[in-house]
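In my numbering, the protein residues as written are 0 to 109.
Some notes on the structure that comes next.
In structure tokens form, the structure reads like this:
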């Protein structure tokens with residue numbers, strides 16, 4: 000990559016925090032899936048978006064350890080097993096103020 004020290008930081012508040020956390024987990028899963036030798040997909044650092052939209056632009060790489068999510072008042076977005084997974088805890092930081100109800104709501108509480 001042209002700038003190996005760059006990192007991707009995804010952030011959002013409330014519903015946007017949920018979207019940011021899901022995007023982060025999807026990017027991490029894709030990066031790991033593409034790293035498998037048996038995968039037919041290109042590694043994520045070799046993928047560019049639509050060629051017409053990126054004409055003349057350098058490709059953007061996403062290397063291990065260069066992905067973070069800071070979610071503010073993130074609602075429940077996944078099962079407990081996914082939320083407690085090592086990858087989710089490594090990449091997603093959820094910040095909650097006081098007794099905010101949104102981060103504490105889940106499907107089971109309805």
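Even for Gly, the Cβ is constructed at its ideal location relative to N, Cα and C.
Which residues DSSP lists as bridging residue i, in chain order
i, result
"residue 70", "11, 93"
Whole-Å CB distance - residue i paired with residue j, under 8 Å assumed
i, j, result
"residue 76", "residue 20", "5 Å"
"residue 101", "residue 13", "6 Å"
"residue 70", "residue 11", "6 Å"
Outcome for residue i when other beta-carbon atoms lying within 10 angstroms are tallied against a minimum of 16
i, result
"residue 17", "buried"
"residue 3", "exposed"
"residue 105", "exposed"
7 Å Cβ shell around residue i - same chain, five flanking residues per side excluded
i, result
"residue 67", "6, 8, 90"
"residue 85", "none"
"residue 99", "72"
Sequence-distant residues of the same chain with beta carbon closer than 6 Å to residue i, five excluded per side
i, result
"residue 45", "Unreliable positioning characterises residue 45 in this predicted model, as indicated by a pLDDT of 39, which lies under 50. A coordinate reading is not provided."
Own chain partners of residue i with C-beta closer than 8 Å, once the 5 adjacent residues on each side are dropped
i, result
"residue 65", "5, 6, 7"
"residue 81", "24, 87"
"residue 83", "none"
"residue 92", "67, 68, 69, 70"
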